[in-house]
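Notes for the one structure printed next.
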Amino acid sequence: MGGCASQLDRTSKSRSDEIDRQLEEDSKRYKKECKILLLGSGESGKSTIVKQMKIIHQDGFSPDELRAWRPTIHRNAVDSARAVCEAIRACKLEELLQEGHRHLPNAILGVDSATFGEEVGMSPETADAIEVLWRDPVVRRVLDEHGSEFYLMDSAEYFVSAIQRLADPAYLPTEEDVLRARLQSTSITETRFNLGGLSIHMFDVGGQRSERKKWIHCFESVTSIIFCTALSEYDQVLLEEKGQNRMRESLVLFESVINSRWFLRTSIILFLNKIDVFRGKLSKVPLERYFPEYTGGPDINKAAKYVLWRFMQENRARLSVYPHLTQATDTKNIRLVFAAVKETILQNALKDSGIL
Numbered sequence: 001m002g003g004c005a006s007q008l009d010r011t012s013k014s015r016s017d018e019i020d021r022q023l024e025e026d027s028k029r030y031k032k033e034c035k036i037l038l039l040g041s042g043e044s045g046k047s048t049i050v051k052q053m054k055i056i057h058q059d060g061f062s063p064d065e066l067r068a069w070r071p072t073i074h075r076n077a078v079d080s081a082r083a084v085c086e087a088i089r090a091c092k093l094e095e096l097l098q099e100g101h102r103h104l105p106n107a108i109l110g111v112d113s114a115t116f117g118e119e120v121g122m123s124p125e126t127a128d129a130i131e132v133l134w135r136d137p138v139v140r141r142v143l144d145e146h147g148s149e150f151y152l153m154d155s156a157e158y159f160v161s162a163i164q165r166l167a168d169p170a171y172l173p174t175e176e177d178v179l180r181a182r183l184q185s186t187s188i189t190e191t192r193f194n195l196g197g198l199s200i201h202m203f204d205v206g207g208q209r210s211e212r213k214k215w216i217h218c219f220e221s222v223t224s225i226i227f228c229t230a231l232s233e234y235d236q237v238l239l240e241e242k243g244q245n246r247m248r249e250s251l252v253l254f255e256s257v258i259n260s261r262w263f264l265r266t267s268i269i270l271f272l273n274k275i276d277v278f279r280g281k282l283s284k285v286p287l288e289r290y291f292p293e294y295t296g297g298p299d300i301n302k303a304a305k306y307v308l309w310r311f312m313q314e315n316r317a318r319l320s321v322y323p324h325l326t327q328a329t330d331t332k333n334i335r336l337v338f339a340a341v342k343e344t345i346l347q348n349a350l351k352d353s354g355i356l
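Residue 246 in UniProt numbering is what sits at position 246 of the sequence shown, and the numbering runs on without skipping anything.
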């Protein structure tokens, strides 16, 4: 009987030790898991960051995944051309088009990009019309003189300059095409990847801005927030509200996030994105035209510091903010930035676990 009891004790102890080991492993794993919330206004580069994580940390896009982006890219190209055609009409510049080009806006506006799918895409005729129209001097005039008066995606010229490649029946999007493609997100998506010794769970809340109060408390336990803003949007208007300046909208969103009671222990990583577009725009479109208190002229360092200062003015909660200048479409740049971001995330994770 004593031997039986002894055997039961040993079995019980073994089971207890196994449970302890499992609990310890779970605890270690939990401490190494970091939740990151990706926030920012529309077209600030959030989705591009998620795509970069797939390229850098998840072996990139398969041929089938690349092919699935083809209808979206066709829509982006055609919708960009349609936006310019509508601007030509609104500015009453049709008569200034070269004589053989005056029919092109009607032809392009007659294309229904909503029908594009796996079987139906941009036709060669549409590609030809866009290519010819884009070379007309009136298009450059509209972009240079009226670009801030209508919505046009940043990648418009990238896609139009490659319009014949895109219209090829055998066209397979490249990773750069996918990085530059715009697909309005309407749901919360989660991306998982390893960053050094950390297991990252990145949540992109996409188009959920209008419902923020309903879900924001669900992310109270996030280690860090990456907030994206596009430096280049200082002269642009929202897609949803044509009269609303996009950078001012981004400042309002940042203020509501950084001062939220749900994120009192969260570090904020601020991506001042689209530095490449910002650099090219400053000399043509003065920042002081939209932010009169700015006095630094076209100097990109002064302009970027001013925008950062505007965002920091919203930080009444005095949270730690770690700013980075980024170009989300540049894989090399994002790889370098995330090497620095990793240290920030790790430090915050250690604080959360009580080690620091």
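Virtual Cβ for every residue (Gly too), placed ideally from N, Cα, C. Note that the structure is predicted; figures quoted are calculated from it, not measured.
Paired residues, beta bridge with residue i - DSSP
{"i": "Glu190", "result": "Phe203"}
{"i": "Tyr234", "result": "In the DSSP output, where bridge partners are listed per residue, Tyr234 has none listed."}
{"i": "His101", "result": "His101 is not bridged to any residue."}
{"i": "Thr229", "result": "Leu272"}
{"i": "Gly40", "result": "Cys228"}
{"i": "Val321", "result": "Ile268"}
{"i": "Leu346", "result": "Leu346 pairs with nothing; no bridge assigned."}
{"i": "residue 377", "result": "Nothing in the structure corresponds to residue 377, since the chain is present only between 1 and 356."}
{"i": "Asn245", "result": "Val237"}
Same chain, Cβ closer than 8 Å to residue i, neighbours up to 5 away in sequence not counted
{"i": "Thr223", "result": "Cys34, Lys35, Ile36, Thr266, Ser267, Ile345, Asn348, Ala349, Asp352"}
{"i": "Ser283", "result": "Pro298"}
{"i": "Arg165", "result": "Tyr171"}
{"i": "Ala339", "result": "none"}
{"i": "Leu308", "result": "Leu270, Leu272, Pro323"}
{"i": "Ala328", "result": "Gly45, Thr48, Ile49, Gln52, Leu179, Cys228, Phe271, Asn273, Lys274, Ile334"}
{"i": "Gly60", "result": "Lys54, Glu175"}
{"i": "Asp26", "result": "Note that Asp26 scores a pLDDT of 45, beneath 50, so its modelled location is shaky and nothing firm can be said."}
{"i": "Asp144", "result": "Lys284"}
Rounded distance between the beta-carbons of residue j and residue i, thought under 8 Å
{"i": "Gly121", "j": "Pro71", "result": "7 Å"}
{"i": "Glu175", "j": "Ile334", "result": "12 Å between Cβ atoms; not a contact."}
{"i": "Val160", "j": "Ala107", "result": "15 Å between Cβ atoms; not a contact."}
{"i": "Phe263", "j": "Gly40", "result": "Between Gly40 and Phe263 the Cβ distance is about 15 Å, and since that is not below 8 Å, they are no contact."}
{"i": "Val50", "j": "Met153", "result": "17 Å between Cβ atoms; not a contact."}
{"i": "Ile216", "j": "Ser260", "result": "7 Å"}
{"i": "Arg75", "j": "Ser113", "result": "4 Å"}
{"i": "Ser185", "j": "Asp204", "result": "7 Å"}
{"i": "Ile200", "j": "Ile163", "result": "With a Cβ gap of about 37 Å, Ile200 and Ile163 do not count as contacting."}
{"i": "Ala83", "j": "Tyr158", "result": "Contact flag wrong, Cβ pair sits at about 15 Å."}
{"i": "Leu336", "j": "Ile258", "result": "That pair is no contact at about 25 Å."}
Cβ shell of residue i (< 6 Å), same chain only, five flanking positions each side left out
{"i": "Cys91", "result": "His146"}
{"i": "Tyr290", "result": "Tyr234, Asp235"}
{"i": "residue 362", "result": "The chain is shown from 1 up to 356; residue 362 falls before or after that span and cannot be answered."}
{"i": "Leu183", "result": "Thr72"}
{"i": "Asp177", "result": "Ile73"}
{"i": "Thr126", "result": "Val111"}
{"i": "Leu23", "result": "Confidence at Leu23 is low in this model, with a pLDDT of 47, below 50, so its placement is unreliable and the value that follows should be read with caution. The answer is none, since no qualifying residue turns up."}
{"i": "Val285", "result": "Asp235"}
{"i": "Leu294", "result": "It should be noted that the sequence gives Tyr, not Leu, for residue 294. If we look at Tyr294 and ignore the five residues flanking it on each side, its Cβ neighbours are Leu287, Glu288, Tyr306."}
{"i": "Met247", "result": "Glu233, Tyr234"}
{"i": "residue 362", "result": "Lying before the first or after the last residue shown, residue 362 is absent from the chain, which here runs from 1 to 356."}
Chain-order list of residues whose beta-carbon lies under 7 Å from that of residue i (same chain, five-residue window excluded)
{"i": "residue 368", "result": "In the structure as shown, the chain begins at 1 and stops at 356. Residue 368 is therefore absent and cannot be evaluated."}
{"i": "Ile88", "result": "Glu94, Pro105, Val138, Val142"}
{"i": "Gly197", "result": "Lys32"}
{"i": "Leu231", "result": "Leu272, Asn273, Lys274, Ile275, Phe278, Ala304, Val307"}
{"i": "Val321", "result": "Ile268, Leu270, Met312, Asn315"}
{"i": "Thr331", "result": "Gln52, Ile55, Ile56"}
{"i": "Arg310", "result": "Leu251"}
{"i": "His101", "result": "Val132, Leu133, Asp136"}
{"i": "Leu97", "result": "Asp136, Val138"}
{"i": "Lys85", "result": "According to the sequence as given, residue 85 is Cys; it is not Lys. Result list for Cys85: Pro105, Ile108, Leu109, in chain order."}
{"i": "Leu325", "result": "Leu272, Ile275, Ala304"}
{"i": "Asn245", "result": "Val237, Tyr290"}
May I ask you to verify whether the region 295 to 311 touches the region 63 to 79, counting CB pairs closer than 8 Å and requiring at least 3? no
Can you find at least 3 beta carbon pairs, one from the region 304 to 316 and one from the region 246 to 260, that sit closer than 8 Å? yes
What are the uninterrupted segments assigned as alpha helix (DSSP H) that are 4 or more residues long and contained completely in the region 138 to 196, given in chain order? 156 to 161, 163 to 167, 175 to 180
Three CB pairs or more closer than 8 Å across the region 184 to 200 and the region 229 to 237: no
Counting only runs that start and end within the region 41 to 93, where is the alpha helix (DSSP H) found for 4 or more residues in a row? Within the region 41 to 93, the complete alpha helix (DSSP H) runs of at least 4 residues are 46 to 57, 63 to 68, 70 to 90.
Would you mind listing the beta strand (DSSP E) stretches within the region 275 to 309 that are 3+ residues and don't spill past its ends, in chain order? none
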